[in-house]
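Novice: Here it is: the structure, laid out below.
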Amino acid sequence: MKKLLSSALLAILPFTSLSAFYPIAELNYQIGAGYRNDDFNWNISGPGGYPNVLSELKWQNLNILEVNGKVEASLGLVALKVSGDYGKIISGKNRDSDYLGNNKTKEFSRSYSKADNGAVYDVSAGAGWIVPVSILLQRIEFIPMAGYSYHQQQLTMRNGYQSIDTQYPKAIGSFPGLNSRYTARWRSPWVGMELYYDYFPGLSLFANVEYHFASYRARGHWNLRKEFAKDFKQTASEGSGVIAQLGLNYSFGCFMDASLMFEYDQWKMRNGRHTVYIKSSCYTYTDSYSDDCYSSDSSSSSSSCDNYCTTYTSTTTSSPVSSYEKFSTNLNQVNWRTFKVIASVNYYF
214 MKKLLSSALL AILPFTSLSA FYPIAELNYQ IGAGYRNDDF NWNISGPGGY
264 PNVLSELKWQ NLNILEVNGK VEASLGLVAL KVSGDYGKII SGKNRDSDYL
314 GNNKTKEFSR SYSKADNGAV YDVSAGAGWI VPVSILLQRI EFIPMAGYSY
364 HQQQLTMRNG YQSIDTQYPK AIGSFPGLNS RYTARWRSPW VGMELYYDYF
414 PGLSLFANVE YHFASYRARG HWNLRKEFAK DFKQTASEGS GVIAQLGLNY
464 SFGCFMDASL MFEYDQWKMR NGRHTVYIKS SCYTYTDSYS DDCYSSDSSS
514 SSSSCDNYCT TYTSTTTSSP VSSYEKFSTN LNQVNWRTFK VIASVNYYF
């Protein structure tokens, strides 16, 4: 969090002195707050690609309170902007499903949990060229832009409830101690287009569309999975995102106006890798994936391994590192959707 704030501050500070060197520079400081709703999910395959979906995690209906800020500067026809936001997750739910068959069949485990904690962050910077157009005495500005952005979700799982367990039906019900977390990071160069339209004096409309070329890194800590020697990791580089914004500004005069903005984001990643680190005393090789490998029989493993039978085959990556083994399988996809409504106050200089 400190690094994000420091980076945003360093990016904003140069704008504050633009007008001192360039009399034609214009500055716009914006502070806003609003509501945001997110959905987020990912799934992985089993060892060797079977089943094609072994496990799927979904965070749904994450309700978020968000604050944001933005600085925009124009120097002649050159436009610059830096923006950032922070959101606190106040409610939501998680579903964790595991399958033994392809295409999400033979579901043998499903659990639900609360996702009413955590946070989200977004930082973006860009530059563009202002193209003013006058149509029937109405002023329109088109601004093609390019930039770079960073996005982070800190997601949690608490208060678990097991709804399906075909191997051990007695496990169905609430289970204590769940306090897992998952942190996703997206980095993305982007290109986009902004549009400003003076509808009539005092009221203007604006729109913005960005296309992002995303890479992805994530880390997860499953606190009840004692066979994990450390946090698992996920990486992917085949990703994209689209951000669309639509809003209006109302001017109060005296260098101040207010705005209302609606935003919709859609992000996806494909063909990544999911890597886990299993304690050396907790794994067994199998020649193929077996319905019987998942086990909670206390005699099948040591007590420090949470009675778990790892089902990675000898065809997956395995490299001994001290007291654990590293295994990797397919991260099939990651999907993230955001909708937000933000009200802001803008100051012009």
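Residues in the sequence shown are numbered consecutively from 214, following our numbering.
Quick reminder that beta carbons are idealized off the backbone N, C-alpha and C, glycines included.
Please read these numbers as outputs of a predicted model, since none were measured by experiment.
Give every residue of the same chain whose Cβ lies closer than 6 Å to the Cβ of G452, excluding the five residues on either side of it in the sequence, and list them in chain order.
Specialist: On the sequence shown, residue 452 is found 239 positions in, with the first residue counted as 1. Closer than 6 Å at Cβ, skipping near neighbours: A427, Y429, M482.
Novice: Have a look at the DSSP bridge pairing and note the partners of T379.
Specialist: On the sequence shown, residue 379 is found 166 positions in, with the first residue counted as 1. Note: T379 sits in no beta bridge, so no partner.
Novice: Rounding to the nearest angstrom, what Cα-Cα distance links A397 and R432 in this structure?
Specialist: Indexing the sequence shown from 1 puts residue 397 at position 184. Indexing the sequence shown from 1 puts residue 432 at position 219. So the alpha carbons of these two residues sit roughly 7 Å apart.
Novice: Would you kindly check if the distance between the Cβ of G247 and the Cβ of A471 is under 8 Å?
Specialist: Within the sequence shown, residue 471 is the residue found at index 258, counting from 1. Within the sequence shown, residue 247 is the residue found at index 34, counting from 1. Their beta carbons are not under 8 Å apart, which means A471 does not touch G247 by this criterion.
Novice: Please confirm whether V554 and A449 have their CB atoms less than 8 Å apart.
Specialist: Taking the sequence shown and counting its residues from 1, the one referred to as residue 554 is at position 341. Taking the sequence shown and counting its residues from 1, the one referred to as residue 449 is at position 236. No.
Novice: Going by other Cβ atoms of all chains shown within 10 Å of its Cβ, with 16 needed for buried, is L544 buried or exposed?
Specialist: Along the sequence shown, read from residue 1 onward, the residue named residue 544 stands at position 331. Result: buried.
Novice: In terms of residue numbering, what span does the beta strand (DSSP E) encompassing R398 cover?
Specialist: For the purposes of this step, residue 398 is taken as residue 185 along the sequence shown, with counting starting at 1. First-last of the beta strand (DSSP E) with R398: 386-413.
Novice: Pick helix, strand or coil for P264, following the three-state DSSP scheme.
Specialist: Translated into the one-based positions of the sequence shown, residue 264 becomes position 51. Coil, per DSSP.
Novice: If you run the structure through DSSP and keep just helix, strand and coil, what is S453?
Specialist: Working through the sequence shown from its first residue, we reach residue 453 at position 240. In the structure shown, S453 sits in a strand (DSSP, three-state: E or B).
Novice: Measure the alpha-carbon distance for E279 versus V336 and round it to whole angstroms.
Specialist: In the sequence shown, counting from the first residue as 1, residue 279 sits at position 66. In the sequence shown, counting from the first residue as 1, residue 336 sits at position 123. Each residue's alpha carbon lies about 13 Å from the other.
Novice: Give the DSSP bridge partners of G339, in chain order.
Specialist: As a working note, residue 339 is residue 126 in the sequence shown. For G339, which the question treats as bridged, DSSP gives the partners K294, G360.
Novice: Tell me the DSSP secondary structure of S493 in three-state form.
Specialist: Numbered from 1 along the sequence shown, position 280 holds the residue referred to as residue 493. Residue state, collapsed to three classes: helix.
Novice: Looking at Y561 and F468, is the spacing between their C-beta atoms short of 8 Å?
Specialist: Counting from one through the sequence shown, the residue named residue 468 turns up at place 255. Counting from one through the sequence shown, the residue named residue 561 turns up at place 348. The answer is yes: Cβ separation under 8 Å.
Novice: What first and last residue would you give for the beta strand (DSSP E) that runs through K539?
Specialist: The residue given as residue 539 occupies position 326 in the sequence shown. K539 -> beta strand (DSSP E) spans 537-561.
Novice: Tell me whether N559 is buried or exposed, calling it buried when 16 or more other Cβ atoms sit within 10 Å of its Cβ.
Specialist: Your numbering for residue 559 matches position 346 in the sequence shown. So N559 counts as buried.
Novice: Which residue wins for smallest C-alpha separation from M358, given the options I377, N372, P402, Y477?
Specialist: Against the sequence shown, residue 358 aligns to sequence position 145. Checked all of I377, N372, P402, Y477; the closest Cα to M358 is P402.
Novice: Kindly indicate which residue of Y409, K539, Y395 has the alpha-carbon position closest to the one of V344.
Specialist: Looking up residue 344 in the sequence shown gives position 131. Closest by alpha carbon: Y409.
Novice: Which first and last residues belong to the beta strand (DSSP E) in which K319 is found?
Specialist: On the sequence shown, position 106 is the one that residue 319 refers to. Residues 318-327.
Novice: Report yes or no: do the segment 260-279 and the segment 306-322 share at least 3 C-beta pairs separated by less than 8 Å?
Specialist: Judged by Cβ distances under 8 Å, the segment 260-279 makes contact with the segment 306-322, as three or more pairs qualify.
Novice: Answer yes or no: the CB of F355 versus the heavy atoms of the ligand NAP, is any distance below 7 Å?
Specialist: The ligand NAP is not part of this structure, which contains no ligands at all.
Novice: Using only CA atoms, which one of F552, S493, W549 lies nearest to S536?
Specialist: One-based indexing of the sequence shown puts residue 536 at position 323. Of F552, S493, W549, the residue nearest in Cα terms is S493.
Novice: Taking 8 Å as the threshold (C-beta atoms), are Q243 and G282 in contact?
Specialist: Reading the sequence shown from its first residue, position 69 is the one you call residue 282. Reading the sequence shown from its first residue, position 30 is the one you call residue 243. Contact flag set, yes.
Novice: Compare the beta carbon distance of L338 and N307 with 8 Å and say whether it is the shorter of the two.
Specialist: Numbered from 1 along the sequence shown, position 125 holds the residue referred to as residue 338. Numbered from 1 along the sequence shown, position 94 holds the residue referred to as residue 307. Checking the displayed sequence, the identity of residue 338 turns out to be Ala instead of Leu. Result no, Cβ atoms of A338 and N307 do not sit closer than 8 Å.
Novice: From the DSSP secondary-structure annotation, give me the bridge partner or partners of R249.
Specialist: For the purposes of this step, residue 249 is taken as residue 36 along the sequence shown, with counting starting at 1. Paired residue(s): I277, K553.
Novice: Nearest to Y463 by alpha carbon, out of I491, T542, F419?
Specialist: As a position in the sequence shown, residue 463 is number 250, starting the count at 1. The candidate whose alpha carbon is nearest that of Y463 is F419.
Novice: Taking a contact to mean a Cβ-Cβ separation below 8 Å, would you say R550 touches D251 in this structure?
Specialist: Position 337 of the sequence shown, counting from 1, holds the residue named residue 550. Position 38 of the sequence shown, counting from 1, holds the residue named residue 251. Yes, they are a contact pair.
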